[in-house]
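Asks: Chains A and B, in that order, are what the protein sequence lines are. Just so we're aligned, residue 310 is where the first sequence starts under the numbering used here, counting upward by one. Just so we're aligned, residue 4 is where the second sequence starts under the numbering used here, counting upward by one. Each residue gets a CB set at the ideal place from its N, CA and C atoms; glycine is no exception.
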Amino acid sequence: MSVTGPRLQPTLFERSRPGRGGGKIPHPPGDALARLPVEALRSRPPALPELNEPDVVRHYVNLSQLNFAVDTGFYPLGSCTMKFNPKLNEWAARLPGFADLHPMAPDEIAQGSLQLLWELERALAAISGMLAVSLQPAAGAQGELTGILMIRAYHEARGDEARDEVLVPDSSHGTNPATASMAGYRTITIPSAKDGGVDLDAFRAALGPRTAAVMITNPSTLGLFESRIGELLDAVHSAGALAYMDGANLNAILGRFKPGEAGFDVMHFNVHKTFSTPHGGGGPGAGPVGVGERLLPFLPSPRVLREDNGTYRLERAGERPTSIGRLRSFVGNTGVLVRAYAYIRAHGASGLREVSDDAVLAANYLKSRLAGPFDLPYDRPCKHEFVASASSLKAETGVRTLDIAKRLIDFGFHPPTIYFPLIVDEGMLIEPTETESVETLDAFADALVVIAAEARSDPEIVRTAPHTAPVRRLDEVTAARRPDLRWRSMAGAETPCPD
Amino acid sequence: MPYGPHTTADRERMLSALGLDSVDRLFDDIPPELRASPLDLPPPEPELELAAHLRVLAARNRTDLVSFLGAGVYRHWSPPAVDQLLLRGEWYTAYTPYQPEVSQGTLQSIYEYQSLMAELVSLDVVSASHYDGAAATAEAALMSCRATGRERVLVSRAVHPHYRQTLATYLGHGLELDETPLVGEGDAAGTTDLATLERMLADPARPVAGVISAHPNFLGLLEPMPRIGELAHAAGALFVAVAEPVSLAVLAPPGAYGADIAAGEGQSLGISPQYGGPYLGILATTEALVRQIPGRLVGKTTDLDGRRAFVMTLRAREQDIRRDRAASNICTNQALLALAASIYLATVGPHGLRDVAAGGAARATELEAALAAIGVPRLHPGPYLNEFAVCVPDARAVHRRLIGRGFLAGLVLGDAEPDDPSLADALLLCATELTTTGEITRFASALEEILGGRQAVGVEAGAGEAIGTATGAAR
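(1) Between the region 393-417 of chain B and chain A, which residues of the former have a C-beta closer than 8 Å to a C-beta of the latter?
(2) Excluding sequence positions up to five away, which residues of its chain have a Cβ less than 6 Å from the Cβ of residue 470/B?
(3) Opposite residue 106/B in the DSSP bridges: which residues?
(4) Once you ignore the five residues that flank residue 424/A on each side, which residues in its own chain have a CB closer than 8 Å to its CB?
(5) Have a look at the DSSP bridge pairing and note the partners of residue 133/B.
(6) Tell me whether residue 3/B sits in a helix, a strand or coil according to DSSP, three-state version.
(7) Residue 290/B and residue 267/B - do their beta-carbons sit closer together than 9 Å?
(8) Output the distance between the C-alpha atoms of residue 83/B and residue 400/A, rounded to the nearest integer angstrom.
(9) Take residue 811/A as the anchor and find which of 456/B, 31/B and 17/B has the nearest alpha-carbon.
(10) Taking all protein chains shown into account, decide if residue 11/B is buried (16 or more other Cβ within 10 angstroms of its Cβ) or exposed.
(11) Per DSSP, which one or two residues make a beta bridge with residue 522/A?
(12) Would residue 643/A count as contacting chain B if we go by Cβ distances under 9 Å?
(13) Sorted by chain position, which residues of the same chain lie with C-beta nearer than 8 Å to residue 731/A's C-beta, five sequence neighbours on each side aside?
(14) Under 8 Å by Cβ, that's how I've got residue 102/B and residue 780/A pegged, so tell me the actual separation to the nearest angstrom.
(15) How is residue 381/B classed by DSSP in three states: helix, strand or coil?
(16) Applying a beta-carbon distance threshold of less than 7 Å, which residues of chain B neighbour residue 393/A?
(17) Where DSSP assigns a beta bridge to residue 315/B, which residues make up the other side?
(18) Along chain B, which residues have their Cβ under 8 Å away from the Cβ of residue 779/A?
(19) As a quick exercise: from 429/B, 443/B and 407/B, pick the residue whose alpha carbon is nearest that of residue 65/B.
(20) Shorter than 9 Å from the beta carbon of residue 285/B to some beta carbon of chain A?
(21) Between 113/B, 73/B, 203/B and 320/B, which lies nearest to residue 231/B when the distance is taken from Cα to Cα?
(22) Which residues bound the beta strand (DSSP E) around residue 181/B?
(23) Whole angstroms are fine: how far does the CA of residue 674/A sit from the CA of residue 17/B?
(24) Tell me whether the region 204-220 of chain B and the region 150-160 of chain B touch, counting them as touching only if at least three CB pairs, one residue from each stretch, are closer than 8 Å.
(25) Is it buried or exposed, residue 376/B, if we count other Cβ atoms within 10 angstroms and call 16 or more buried?
(26) Nearest to residue 734/A by alpha carbon, out of 698/A, 450/A and 749/A?
(27) Counting only the same chain and skipping the five closest in sequence on each side, list residues whose C-beta sits under 7 Å from that of residue 390/A.
(28) Relative to the C-alpha of residue 380/A, which residue among 496/A, 590/A, 521/A and 409/A is closest?
(29) Is any beta-carbon of chain A found at less than 9 Å from that of residue 203/B?
(30) Quick one: complete alpha helix (DSSP H) runs, 4+ long, within the region 527-607 of chain A?
(31) Using 9 Å as the limit for Cβ to Cβ distance, is residue 381/B near chain E?
(32) Using the C-alpha atoms, what's the distance from residue 100/B back to residue 421/B?
(33) Which runs of the alpha helix (DSSP H), 4 residues or longer, sit entirely within the region 719-777 of chain A?
(34) With DSSP as the reference, identify every bridge partner of residue 186/B, one or two as the case may be.
(35) State whether the region 640-653 of chain A contacts the region 272-290 of chain B, with contact taken as three or more CB pairs (one from each stretch) at a distance under 8 Å.
(36) In the DSSP assignment, find the unbroken alpha helix (DSSP H) run with residue 376/B in it and report its ends.
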């Protein structure tokens with residue numbers, strides 16, 4: 310935060326002054342565009358802001374300081390695995406050999422990246438127990454779409470075309486039903502059992518000749534391992550359906566549970582969760598998918614292939630006609646995948662297992678510290694995250710989970726994920742990750758205990774939090790009713806180039 | 004574990020607070036028959052050795068070639084300010100701004116991105132980002148189907164082949180995708196065939212939701228965008244323009260020629276090629292379609308004290324709220340790349356961006372002239388900005404030999420578009436503001452030598468065979 314003065318920043322457009330900037334790009338000859346038809350040209354130059362470099366740097370440095378980030382503090386955002394992002398990985402992705410390589414470069418000059426991608430595929434296959442992996446999907450949700458489209462192709466290839474339903478538990482990520490719809494399926498939502506796990510009987514009742522797939526997150530979004538997963542997978546397969554695993558919570562089970570070995574047909578990985586690639590303020594991520602034998606023919610193209618002579622190449626268009634095709638341009642978010650590769654090699658087999666051991670230990674320790682002040686609706690060992698609830702506290706004091714989340718900001722912490730999964734009243738999904746020290750875990754628990762006490766002694770201070778953030782709570786209703794989605798009065802660029 | 008904080012004493016303290024003797028007890032809920040086999044991975048690699056290994060891999064890629072390759076991804080000067088600002092942890096180690104009070108940096112930067120991009124494309128609503136140009140185009144197609152209630156999309160064959168393949172994947176179940184052919188000969192060769200487009204739009208049994216064309220198109224040519232828009236609108240379809248953002252400094256923007264939706268690849272705005280990503284999918288539309296656009300939107304509002312602030316808005320379109328009725332399943336997007344594009348635009352400014360676009364056009368004019376002088380003509384006669392196709396016999400073999408001479412001679416069009424015989428012996432070449440006159444001269448000279456040698460010697464033993472083999476193998 311700024312040491313003095315106002316923290317909020319004027320926009321780029323308010324900072325703009327006609328005539329500022331320049332000196333970056335040489336001026337081309339005045340007739341450079343003379344060969345283009347006049348009607349194809351822009352009649353008025355875009356009114357972009359005019360700034361000099363020091364202005365731009367201050368603008369973005371000052372803006373950055375309005376953000377909470379993993380590099381500034383504890384960010385226990387459940388389901389998002391906000392672990393430390395190693396700096397070596399940023400360095401590696403920027404090596405000119407990786408950063409400057411054109412995605413349509415011929416294979417013979419891209420051997421380093423192709424080898425890296427091939428080895429990363431093998432590593433992810435080893436971690437998941439899947440047979441093969443595609444690195445193409447750009448994010449977890451695109452990995453889900455890839456998986457469900459492969460399942461569709463599988464059923465179609467068997468002439469089994471009556472299947473038009475995808476089953477998801479009511480605790481699932483919103484992306485699961487949204488993905489099913491995008492792939493042309495109807496979503497059937499199955500209520501969870503009382504203990505938070507899948508309701509096996511409800512699934513059995515819903516499974517049938519119309520079921521194309523079941524999408525399961527394991528550990529679940531409640532942070533609980535689905536101990537009945539073996540029976541569920543048997544039931545899914547007996548019904549002729551396939552099983553999709555949402556790998557968002559893989560950070561809990563590295564070296565402990567391999568979805569492919571357990572019988573899942575397909576899963577996605579969120580490398581920006583489990584494998585430490587940065588979240589970027591919303592992205593980029595990468596969402597590789599792993600498949601078992603049934604879906605192998607349908608993997609997106611192009612795949613990365615290793616030839617007998619040890620060289621690597623991309624599959625050519627049309628080389629594998631069973632493929633579902635392409636989900637995006639080029640080979641994938643390679644720059645992100647370089648970081649994931651570095652993370653996996655830095656840890657190795659023993660380190661990855663330790664990641665999950667420590668993530669699960671930290672979550673259980675933190676959970677034990679919150680027993681009492683908060684409800685713990687599923688009181689059994691959790692995996693890498695857990696749900697606490699302010700339901701009783703709210704009944705007693707009127708203070709809601711939202712208020713507690715906002716008050717945590719005043720204590721220097723990013724709030725956990727709140728009101729998700731939807732099935733927990735006043736829920737907070739807390740994921741500490743393995744890279745936070747026990748001192749940090751204690752400080753966070755202490756803060757929550759204090760806030761619970763404040764809810765009784767001084768509820769107003771909680772209800773009106775945050776008090777120390779750059780802004781107070783926002784008027785979201787007006788924002789949605791009268792959307793203002795762009796700066797309107799842009800000026801500048803009308804004047805001739807200053808130099 | 005390289006990044007973990009826990010000492011043995013820390014772990015013991017946590018375990019003892021839980022009354023456990025081993026962390027294994029916390030995994031007892033995994034049924035024994037489902038427990039993992041050992042991880043078959045190498046041991047941990049110390050940072051020093053890992054760094055050396057990564058350097059070796061990076062060096063196995065060849066990025067030293069003089070490149071004329073574009074084809075949807077363009078080399079540009081990215082001021083070092085862009086990447087140095089991106090390296091601030093406050094940007095890249097934050098996540099989606101769910102808590103606006105501690106995310107005003109990200110939120111204001113997205114609002115500014117939306118504003119900058121809206122000005123460039125001349126449309127009012129810009130989503131906070133999609134995965135890349137291809138995925139943004141696919142989302143635009145789905146959007147046109149939702150908005151019109153129709154189920155058929157027409158895409159020009161001069162849209163990037165990867166985008167067309169992506170469209171086929173996204174629309175391949177329940178929706179119809181047809182390709183509009185290109186004009187074969189004459190002044191309009193290589194652009195969308197308007198007469199055929201009009202006929203395809205006229206089929207009353209198969210009404211069209213959206214018409215997609217790229218400008219400049221995959222072959223570098225300018226398309227008759229205003230006319231395509233008129234034809235689409237006359238048939239009740241939406242018009243989707245695939246635009247290249249740097250070109251919009253000088254070319255008429257989608258909003259000016261009647262596009263309802265603009266999609267495009269934002270990589271050219273300061274983002275390095277990185278062998279495929281992460282890039283920036285641009286998606287923009289009119290106010291009329293704001294509730295149909297997928298992806299995040301940030302709006303301006305105030306806080307309780309009346310201070311200006313920014314917040315994610317119109318969230319009822321999104322998967323975490325609407326689940327199976329959401330406009331898309333997109334969650335994680337490309338926010339950091341939208342930030343990069345904004346910093347790039349703010350740094351080069353409007354005049355700088357014009358110089359980038361016009362500078363590429365000027366170098367491309369030089370390149371065209373230098374190649375014409377050695378007997379390598381353009382394949383199409385129509386206007387282009389900074390990329391064009393040239394006729395080169397045995398293009399694939401020539402391309403390969405030029406790598407040996409230190410040049411990346413653009414794209415072998417026969418590989419990218421194997422079904423189009425008119426592109427069988429052609430290279431797609433591009434110039435940008437980074438291209439120098441010296442590079443053009445040396446490239447033309449190397450190409451002349453290769454072609455001259457080939458013509459003079461006829462079937463020069465080794466080379467001739469190599470050409471024949473390479474061509475045969477890829478067909």
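Replies: On the basis of the supplied data:
(1) 402, 403, 406, 411 and 414
(2) Within the second sequence, the letter at position 467 stands for residue 470/B. A caution first: residue 470/B carries a pLDDT of 39, below 50, which makes its placement in the model too unreliable to give a value.
(3) Taking the first residue of the second sequence as position 1, residue 106/B is located at position 103. For residue 106/B, the pairing in a beta bridge is given by DSSP as 376/A.
(4) Here residue 424/A corresponds to residue number 115 of the first sequence, with the count starting at 1. Result list for residue 424/A: 621, in chain order.
(5) Against the second sequence, residue 133/B aligns to sequence position 130. 284/B.
(6) Nothing can be reported for residue 3/B: it is not among the residues displayed for chain B, which extend from 4 to 478.
(7) For the purposes of this step, residue 267/B is taken as residue 264 along the second sequence, with counting starting at 1. For the purposes of this step, residue 290/B is taken as residue 287 along the second sequence, with counting starting at 1. The Cβ-Cβ distance between residue 267/B and residue 290/B does not fall below 9 Å.
(8) Indexing the second sequence from 1 puts residue 83/B at position 80. Indexing the first sequence from 1 puts residue 400/A at position 91. The straight-line gap from Cα to Cα measures roughly 15 Å.
(9) There is simply no residue 811/A to check, as chain A begins at 310 and stops at 808 in what is shown.
(10) Locating residue 11/B in the second sequence gives position 8, counting from the first residue. The residue is exposed, with fewer than 16 neighbouring Cβ atoms inside 10 Å.
(11) For the purposes of this step, residue 522/A is identified with residue 213 of the first sequence, where counting begins at 1. Paired residue(s): 475/A and 551/A.
(12) Translated into positions along the first sequence, residue 643/A becomes position 334. Interface residue, yes.
(13) Indexing the first sequence from 1 puts residue 731/A at position 422. Only 479 and 480 meet the Cβ criterion.
(14) Start at 1 with the first residue of the second sequence, and residue 102/B comes out as number 99. Start at 1 with the first residue of the first sequence, and residue 780/A comes out as number 471. Not a contact, Cβ separation roughly 11 Å.
(15) Mapped onto the second sequence, residue 381/B falls at position 378. DSSP places residue 381/B in strand when its eight states are reduced to three.
(16) For the purposes of this step, residue 393/A is taken as residue 84 along the first sequence, with counting starting at 1. Neighbours of residue 393/A on chain B, chain order: 6.
(17) Indexing the second sequence from 1 puts residue 315/B at position 312. Looking at the DSSP assignment, residue 315/B forms a beta bridge with 301/B.
(18) To locate residue 779/A, count along the first sequence from 1; it is residue 470. Those within 8 Å of residue 779/A in chain B are 104, 105 and 107.
(19) Sequence index remark: in the second sequence, residue 65/B carries index 62 (1-based). Closest option to residue 65/B, Cα to Cα, is 407/B.
(20) In the second sequence, residue 285/B corresponds to position 282, counting from 1. No - not a single Cβ of chain A is within 9 Å of the one on residue 285/B.
(21) Here residue 231/B refers to the residue found at position 228 of the second sequence. Measuring C-alpha to C-alpha distances from residue 231/B to each of 113/B, 73/B, 203/B and 320/B identifies 203/B as the nearest.
(22) Position 178 of the second sequence, counted from the start, is the residue given in the question as residue 181/B. Element bounds for residue 181/B: 179-183.
(23) Against the second sequence, residue 17/B aligns to sequence position 14. Against the first sequence, residue 674/A aligns to sequence position 365. Approximately 6 Å between the Cα atoms of the pair.
(24) yes
(25) The residue you call residue 376/B lines up with position 373 of the second sequence. Here residue 376/B is exposed, its C-beta having fewer than 16 other C-beta atoms within 10 Å.
(26) Taking the first residue of the first sequence as position 1, residue 734/A is located at position 425. Checked all of 698/A, 450/A and 749/A; the closest Cα to residue 734/A is 698/A.
(27) As a position in the first sequence, residue 390/A is number 81, starting the count at 1. Result list for residue 390/A: 560, 582, 583, 740 and 742, in chain order.
(28) For the purposes of this step, residue 380/A is taken as residue 71 along the first sequence, with counting starting at 1. Looking at the Cα atoms, 590/A is the closest of the given residues.
(29) If you number the second sequence from 1, residue 203/B lands on position 200. Closer than 9 Å: no.
(30) 538-547 and 568-571
(31) Any reference to chain E falls outside this structure, whose protein chains are A and B.
(32) As a first step, residue 421/B is located in the second sequence; it is residue number 418 there, counting from the start. As a first step, residue 100/B is located in the second sequence; it is residue number 97 there, counting from the start. Taking the straight line joining both Cα atoms gives about 44 Å.
(33) 747-766 and 768-772
(34) Against the second sequence, residue 186/B aligns to sequence position 183. Residue 186/B is not bridged to any residue.
(35) These segments touch.
(36) Residue numbering aside, residue 376/B sits at position 373 when the second sequence is read from its first letter. It spans 338-376 - the alpha helix (DSSP H) in which residue 376/B sits, taken as one unbroken run.
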